[in-house]
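To start, the structure under review is shown below, and the notes come after it.
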Ligand SMILES: Cc1cc2nc3c(=O)[nH]c(=O)nc-3n(C[C@H](O)[C@H](O)[C@H](O)COP(=O)(O)OP(=O)(O)OC[C@H]3O[C@@H](n4cnc5c(N)ncnc54)[C@H](O)[C@@H]3O)c2cc1C
């Protein structure tokens with residue numbers, strides 16, 4: 009069942025024009041709207057369903073720099089800086105707390121890989137350090153499993169997805185941003201090679217700049233515009249416990265489980281390293297793009313042959329803008345959680361940590377995570393279509409870097425100096441998206 013996501017007030021009337029239109033009301037879209045509106049820029053955000061009802065309202069709530077690709081660390085740190093003042097700047101409780109994040113290691117091999125990351129990340133002066141023995145026992149008293157050690161980052165944090173994302177959206181509205189729900193954008197209105205507007209199901213909005221923050225839908229949207237973004241979806245399954253007073257404050261990730269305390273005193277729990285990849289037509293189309301990550305992450309990957317293939321095969325990949333688009337057919341992507349993974353996470357944690365022995369599953373849900381071949385997001389202008397900025401492909405960690413990523417997208421959209429070097433996030437790093445438009449997406453046979 010969907011977690012309890014705060015609802016926001018929205019704008020019933022669409023404006024005729026805006027300086028910037030944002031497609032998608034997840035954390036990236038609402039953060040971009042917030043930072044644009046704070047600068048007095050006239051921005052409208054269109055969400056096909058409801059704000060934060062896809063990935064951004066379903067995630068674990070980790071705000072992490074630890075373990076990140078080095079190219080992303082400056083953006084992670086900028087984001088944590090923004091998170092730290094978010095309650096004040098949004099005048100709302102986002103749940104942001106510097107609780108620390110701990111990666112527990114079962115083997116020397118896992119420890120070696122954490123140490124390798126720690127050495128490589130030293131120039132960024134993150135607070136990460138190796139802990140073991142007595143210190144680890146003090147952090148997690150009574151643990152039954154003989155962990156070899158752990159990597160701890162005290163400055164890493166958590167926030168409440170179901171509260172934070174609507175709170176940022178509300179703050180953007182107070183600054184003057186317009187936010188329309190149940191308003192799918194069918195496509196772009198392009199004139200003379202430049203963006204002239206967007207066509208929504210409720211009419212056209214004239215604009216010179218668009219930020220596409222469409223999460224798992226971005227590949228489909230761009231495909232209809234002749235732009236080929238390599239992006240797949242993975243299923244994550246999560247459950248929430250009722251409040252459990254007195255448990256660990258630190259957020260914990262083991263090799264096959266994770267838990268983090270929520271603001272209400274309950275825990276958000278999942279099977280870590282167990283995302284399920286459903287085989288879909290895109291799995292074949294993008295096979296060679298994802299082959300390297302398939303090989304390196306083979307032991308963690310769970311492939312499923314039944315499930316989403318039929319649904320995605322039937323979904324049109326081309327449509328006209330004067331008729332309903334796929335975005336109107338599926339307002340909220342709401343996959344069922346994998347029950348076996350829910351039970352595996354529950355029983356592993358109950359067996360390993362006495363505090364969780366009687367833990368109950370209050371609610372469980374699924375979420376489709378959008379991933380790129382190198383697991384680094386795209387936050388980038390599209391060279392061939394001036395006025396279009398894409399911010400997507402957050403590969404399972406867009407909640408934590410959401411505020412920074414939305415800010416960076418807002419800066420790229422307006423030519424303002426970027427808060428971090430955007431080079432690692434360029435769309436054109438994927439060779440396929442640099443092909444001439446006509447060849448970019450093969451038509452379905
Ligand atoms: C189970 C799970 C656990 C995760 N755990 C973490 C974590 O602990 N920490 C972390 O940092 N990240 C985590 N993530 C990843 C994180 O949630 C995502 O990376 C992030 O939320 C992506 O935000 P987004 O705004 O890009 O996409 P989304 O939140 O998916 O939002 C995209 C929005 O765009 C809308 N949209 C799409 N197309 C259109 C259109 N044509 N017109 C109008 N609207 C459109 C969709 O309806 C959707 O609401 C997790 C994800 C999942 C699923």
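Numbering (my numbering), first residue to last: 9 to 453.
Built from N, CA and C at the ideal position, the CB exists for glycine as well.
Select from 59, 208 and 70 the residue whose C-alpha is nearest the C-alpha of residue 335.
-> 208
Sequence-distant residues of its chain with Cβ nearer than 7 angstroms to residue 311 (five each side left out) | 285 and 287
Write down every uninterrupted run of the beta strand (DSSP E) in the stretch 94 to 155 whose length is 3 residues or greater and which is fully enclosed by it, in chain order.
-> 109 to 113 and 137 to 139
Taking the alpha-carbon positions, what's the residue 259 to residue 166 distance?
-> 8 angstroms
Determine contact between the stretch 385 to 397 and the stretch 427 to 436, defined as no fewer than three beta-carbon pairs at a distance below 8 angstroms.
-> yes
Under 9 angstroms, do residue 313 and residue 289 count as touching if we go by C-beta distance?
-> no
Along the alpha helix (DSSP H) that carries residue 247, what are the first and last residues, could you check?
-> Not the alpha helix (DSSP H): residue 247 falls in the beta strand (DSSP E), residues 240 to 248.
When the Cα atoms are used, what is the spatial distance from residue 248 to residue 347?
-> 13 angstroms
State whether the stretch 32 to 44 contacts the stretch 53 to 60, with contact taken as three or more CB pairs (one from each stretch) at a distance under 8 angstroms.
-> yes
Residue 269 to residue 206 span [Cα, whole Å] = 41 angstroms
Pick helix, strand or coil for residue 84, following the three-state DSSP scheme.
-> helix
Taking residue 142 as the reference, which of 155, 134, 135 and 133 has the closest Cα?
-> 155
Any idea what DSSP makes of residue 292, helix, strand or coil?
-> helix
Could you tell me whether any non-hydrogen atom of ligand 2 is closer than 8 angstroms to the CB of residue 341?
-> Looking at this structure, you won't find ligand 2 anywhere; what it does contain is ligand 1.
Measure the CB-CB distance between residue 85 and residue 361 and report whether it falls below 9 angstroms.
-> no
Alpha carbon to alpha carbon, how far is residue 372 from residue 10?
-> 8 angstroms
With DSSP collapsed to three states, give me the class of residue 195.
-> strand
Taking just the CA atoms, how far does residue 125 sit from residue 237?
-> 29 angstroms
Secondary structure, alpha helix (DSSP H): runs of 4+ residues fully inside the stretch 362 to 448 | 410 to 422 and 445 to 448
Residue 42: which of 186, 20, 13 and 404 sits nearest, CA to CA?
-> 186
When burial is assigned at 16 or more other CB atoms within 10 Å of the CB, is residue 171 buried or exposed?
-> buried
Residue range of the alpha helix (DSSP H) that residue 459 falls in?
-> Since the displayed the chain opens at 9 and closes at 453, residue 459 lies outside it and no answer follows.
Where residue 272 falls, given that 16 or more other Cβ within 10 Å makes a residue buried | exposed
Whole-angstrom distance between residue 423 and residue 17, CA atom to CA atom = 30 angstroms
Closer than 8 angstroms: is that where the CB of residue 221 sits relative to any heavy atom of ligand 1?
-> yes
Taking 9 angstroms as the cut-off, decide whether the C-beta atoms of residue 224 and residue 83 are in contact.
-> no
Looking at residue 227 and ligand 1, is the gap between the Cβ and the nearest heavy atom below 8 angstroms?
-> no
Counting only the same chain and skipping the five closest in sequence on each side, list residues whose C-beta sits under 6 angstroms from that of residue 277.
-> 247, 267 and 353
Buried or exposed by the 16-neighbour rule on C-beta atoms within 10 Å, applied to residue 297 | buried
The beta strand (DSSP E) spanning residue 158 covers which residue range?
-> 157 to 161
DSSP three-state assignment for residue 340, whether helix, strand or coil | coil
Identify, in the order they occur along the chain, each residue of the same chain with its Cβ nearer than 6 angstroms to the Cβ of residue 72, setting aside the five sequence neighbours on each side.
-> 109, 164 and 408
Are the CB atoms of residue 233 and residue 195 nearer to each other than 9 angstroms?
-> yes
Collapsed DSSP secondary structure at residue 165 in the structure displayed = strand
What residue range is occupied by the uninterrupted alpha helix (DSSP H) comprising residue 350?
-> 347 to 360
Along the chain, which unbroken stretches of the beta strand (DSSP E) at least 3 residues long are found entirely within the stretch 47 to 80?
-> 51 to 54
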